[in-house]
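Going by numbering that gives the first Met the number 0, 43 is the number at position 44 of the sequence shown; the sequence numbering is gapless.
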Amino acid sequence: MTDHYRISNDRPPVKAPGSGLRAALWTCLLVAGTANATTSALGFSPVLSVIFGLITVASIVALITHHRRHRGN
Numbered sequence: 000m001t002d003h004y005r006i007s008n009d010r011p012p013v014k015a016p017g018s019g020l021r022a023a024l025w026t027c028l029l030v031a032g033t034a035n036a037t038t039s040a041l042g043f044s045p046v047l048s049v050i051f052g053l054i055t056v057a058s059i060v061a062l063i064t065h066h067r068r069h070r071g072n
């Protein structure tokens with residue numbers, strides 16, 4: 000007889016869509032943010048710092064866009 004109150008995990012775990020992309024975006028954000036802060040603090044070329052800053056901002060925008068497209072609503 001089947002027990003209707005028993006909880007079983009017979010289904011395989013489902014991987015969230017785009018989780019690899021999200022991890023790559025977070026990694027890009029951390030690396031670019033660190034590089035931006037380092038180049039600013041050590042006095043490297045301002046052009047280099049601006050480039051890393053733009054990559055940081057682009058990563059933030061991509062993460063927000065990815066979140067809004069893949070949320071449960």
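Just so it is clear, CB atoms sit at the ideal spot from N, CA and C, and this is done for glycine as well. Being a predicted model, the structure only gives us computed values, none of them experimental.
Please tell me whether residue i and residue j are closer than 8 Å, where the distance is taken between their beta carbons.
i	j	result
H65	L28	no
I54	A31	yes
H38	S48	The sequence shown places Thr at residue 38, not His. Yes. Within cutoff.
Do you know whose CA, among the options, lies nearest residue i's CA?
i	options	result
R76	A40, G42 and S18	Residue 76 lies beyond the range of the chain shown here (0 to 72); nothing can be said about it.
F51	S58, T26, N35 and R68	N35
A57	H3, Y4, R5 and W25	W25
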